[in-house]
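Participant:
Number of protein chains: 2
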Amino acid sequence: MTSTKASSRRKAKGYGPERRAEILNHAMRLISEHGVQMVSTRQIANAVGISQPSLYAYFPNRQALIEAVCVQAFERLILVMTEVAQTSTGLNRLKSLGRAYLMFGFEQPDAYRVGFMIETAEPLDINQIAPPLLAGLRAYGLHRQALADHLGPSRTPDEIDRLAQSLWASLHGLVALMIARGRFPWAERDALIETHLERLLTGL
Amino acid sequence: MTSTKASSRRKAKGYGPERRAEILNHAMRLISEHGVQMVSTRQIANAVGISQPSLYAYFPNRQALIEAVCVQAFERLILVMTEVAQTSTGLNRLKSLGRAYLMFGFEQPDAYRVGFMIETAEPLDINQIAPPLLAGLRAYGLHRQALADHLGPSRTPDEIDRLAQSLWASLHGLVALMIARGRFPWAERDALIETHLERLLTGL
DNA sequence: AATTGTAACCTATCAGTGATAGCTCATCGG
DNA sequence: CCGATGAGCTATCACTGATAGGTTACAATT
């Protein structure tokens, strides 16, 4: 009970957060290569070079590890969207955001998969919001903000929520379906993207 | 090599296809109750009253069993959509179809998940399309048909394809996202559905 | 009537999974 | 020098999907 709580004066070889990040990077790569279902904790531990039970010093369980990978993927999308959001305004910004969102999904299907298509289990603690959900809120927030800016103050927040969620869902739908059903006889992709964006923004 | 191939004159206690159906029904109930990930082959076999390996006489593996359950669910979707398609025409028919599609997704999330959200592994036989994909194609076909009817013969088939796929993707997006991110602070569901349908059909 | 074939099912067992218990060992403050 | 702590290990658990190979009952053939 001396409670020095030191532990930060280490030799900098990097064990604590650095190792955690190392685990996440290997996990992300493995998941991208083989799919989330096919990656076991043993494979991840093996890639990192530690024993499988050692993972449980960094994550309470497999689910939490996957969710952490998920959050990392979200960060990348949010970065891209934030940049795009600054280049234009109004309807053009909405369209650019939508196009950036779709392109991110098509070019980084694995990140997108982990971020939006993998279902996170109900957290045991009802008070604790799962981190990927929070990150999802931020991505959605960017769409909602751009929409609110464009529509002006005449709409109610509830109305804006519904419109933004409808828009977001439609964008997600195209990416998710084309990822999950790549063998479907889709229309030519770029034309389909433009048709989709055009349809989603008419009437706004 | 006498090849009588009889085996159909049994005492009618019902082993062959009836038992298969019995397995599917129990599996569907268990999946609905506990979710697809939480149901094991042993639990299904136990519910049916046979041993776990016996399942493998009816299905080559767990995946095929799950897919069969999902196809059963899709039959219902296609049935509902076919009925709905006959009750109205034009834009109203499109709206009714969309609503039926969304409601199916929300009420049978496991079937929807298996049918549209789980990525089916590349079939070993290139000629063989996974059954759930076929069922999904039929559901899409109903949308496309209704859209083509409404738009009339002035549009090119490619244009109709793009519009139908955009529409389908948007419907899918709302269901998939709400299933995968159920804890997101969604707008009130029925209002969101109506907003979504309204937005998707404006301008058609 | 005896034999054969087959459908339906079983037990035993496999390798692989997520997770836990409890130990070892190096480092560092006192 | 010594105890505490951090970081890792091995061994093991209950459970999973899947396979191998045997058992039983019944129908058709001989």
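Protein chains in written order, with the working numbering: chain V, 12 to 215; chain C, 12 to 215. Cβ atoms here follow ideal geometry from the backbone N, Cα and C, with glycine treated the same way. Computed from a prediction, not measured in an experiment: that's the story for all the values here.
Here's the rule: buried if 16 or more other CB atoms are within 10 angstroms of the residue's CB, otherwise exposed. What is histidine 37 of chain V?
Facilitator: Histidine 37 of chain V is buried by the Cβ-count criterion.
Participant: For a contact meaning CB atoms closer than 7 Å, what does arginine 173 of chain C contact in chain V?
Facilitator: Simply Ala198, Ala202, Leu203, Thr206.
Participant: Output the residue ranges of the alpha helix (DSSP H) runs that lie fully inside the stretch 190 to 215 of chain C and measure 4 residues or longer, sorted by chain position.
Facilitator: The qualifying runs are 200 to 212.
Participant: Helix, strand or coil: which one does DSSP assign to leucine 135 of chain V?
Facilitator: The predicted position of leucine 135 of chain V is uncertain, since its pLDDT is 43 and thus under 50; no value can be drawn from it.
Participant: Once the 5 residues before and after methionine 128 of chain V are set aside, which same chain residues still bring their CB inside 6 Å of it?
Facilitator: Ala187, listed in sequence order.
Participant: According to a CB-to-CB cut-off of less than 7 Å, which residues of the stretch 153 to 172 of chain C neighbour chain V?
Facilitator: Listed by position, the residues of the stretch 153 to 172 of chain C near chain V (Cβ gap below 7 Å) are Asp169, Asp172.
Participant: Does the distance from the C-beta atom of phenylalanine 70 of chain V to that of glycine 126 of chain V stay below 8 Å?
Facilitator: No, Cβ-Cβ distance for phenylalanine 70 of chain V and glycine 126 of chain V is not below 8 Å.
Participant: Run the CB neighbour count on histidine 207 of chain V, radius 10 Å, all protein chains shown included, and call it buried at 16 or more, exposed below.
Facilitator: That one is buried.
Participant: Can you list, in chain order, the residues of its chain whose CB lies under 7 Å from that of histidine 45 of chain V, leaving out five sequence neighbours each side?
Facilitator: Contacts found: none.
Participant: Output the distance between the C-alpha atoms of valine 80 of chain V and leucine 76 of chain C, rounded to the nearest integer angstrom.
Facilitator: Distance between the alpha carbons of valine 80 of chain V and leucine 76 of chain C is about 30 Å.
Participant: Between proline 2 of chain C and isoleucine 171 of chain C, how many whole angstroms is the CB-CB distance? I'm expecting something under 8 Å.
Facilitator: This structure leaves residue 2 of chain C out entirely; chain C is present only between 12 and 215.
Participant: Given this structure, state the Cα-to-Cα distance separating glutamate 130 of chain V from proline 168 of chain C, to the nearest angstrom.
Facilitator: Their Cα atoms are separated by approximately 36 Å.
Participant: Is leucine 145 of chain V buried or exposed, if buried means 16 or more other CB atoms sit within 10 Å of its CB?
Facilitator: Under this definition leucine 145 of chain V is an exposed residue.
Participant: Quick one, which of C:Met49, C:Pro196, C:Ala32, C:Arg87 has its alpha-carbon nearest phenylalanine 115 of chain C's?
Facilitator: Residue C:Arg87 is the option with its Cα nearest to phenylalanine 115 of chain C.
Participant: Residues of chain V with a CB under 8 Å from the CB of histidine 183 of chain C: which are they?
Facilitator: Simply Gly184, Ala187, Leu188.
Participant: Please list, in chain order, all residues of the same chain as arginine 124 of chain C whose beta carbon is under 7 Å from its beta carbon, the five residues on each side excluded.
Facilitator: Cβ within range, chain order: Val47, Ile190.
Participant: Would you kindly work out how many angstroms separate the C-alpha atoms of proline 274 of chain C and leucine 162 of chain V, rounded to a whole number?
Facilitator: The requested residue 274 of chain C does not occur in the structure, where chain C is confined to residues 12 to 215.
Participant: Alpha carbon to alpha carbon, how far is alanine 180 of chain V from serine 65 of chain V? Give it in angstroms, no decimals.
Facilitator: When rounded, the distance between both Cα atoms is 39 Å.
Participant: With a threshold of 7 Å on Cβ separation, who are the neighbours of leucine 182 of chain V within its own chain once the five nearest residues in sequence on each side are excluded?
Facilitator: Correct list, in chain order: Gly109, Tyr112, Leu113.
Participant: Roughly how many angstroms separate the alpha carbons of isoleucine 89 of chain C and glycine 101 of chain C, rounded to a whole number?
Facilitator: The straight-line gap from Cα to Cα measures roughly 19 Å.
Participant: Please say whether alanine 157 of chain C and leucine 105 of chain C have beta carbons closer to each other than 8 Å?
Facilitator: A contact, by the Cβ cut-off of 8 Å.
Participant: Is the beta carbon of alanine 56 of chain C sitting closer than 8 Å to the one on leucine 41 of chain C?
Facilitator: No, they are not a contact pair.
Participant: Where do the N-terminal and C-terminal ends of the alpha helix (DSSP H) with glycine 147 of chain C fall, by residue?
Facilitator: Segment 142 to 162, the alpha helix (DSSP H) holding glycine 147 of chain C.
Participant: Taking the beta carbon of glycine 184 of chain V as the centre, do at least 16 other beta carbons fall within 10 Å, making it buried, or is it exposed?
Facilitator: Glycine 184 of chain V should be labelled buried.
Participant: So, is glutamate 199 of chain V buried or exposed, given that buried needs 16 or more other C-beta atoms within 10 angstroms?
Facilitator: Its Cβ having fewer than 16 others within 10 Å, glutamate 199 of chain V is exposed.
Participant: Can you pull the chain V residues whose beta carbon is under 7 Å from the beta carbon of glutamate 130 of chain C, in chain order?
Facilitator: Chain V residues near glutamate 130 of chain C: Ala191.
Participant: Excluding the five sequence neighbours on either side, which residues of its own chain have a C-beta within less than 7 Å of the C-beta of glycine 60 of chain C, listed in chain order?
Facilitator: No residues qualify anywhere along the chain.
Participant: Which residues in the same chain as valine 50 of chain C place their Cβ atom closer than 6 Å to its Cβ, once the five residues preceding and following it in sequence are excluded?
Facilitator: Counting only Cβ-Cβ distances below 6 Å, and skipping sequence neighbours, we find Leu41, Ile42.
Participant: Within 8 Å (strictly less), CB to CB, does glycine 116 of chain C reach chain V?
Facilitator: No, glycine 116 of chain C does not count as interfacial toward chain V.
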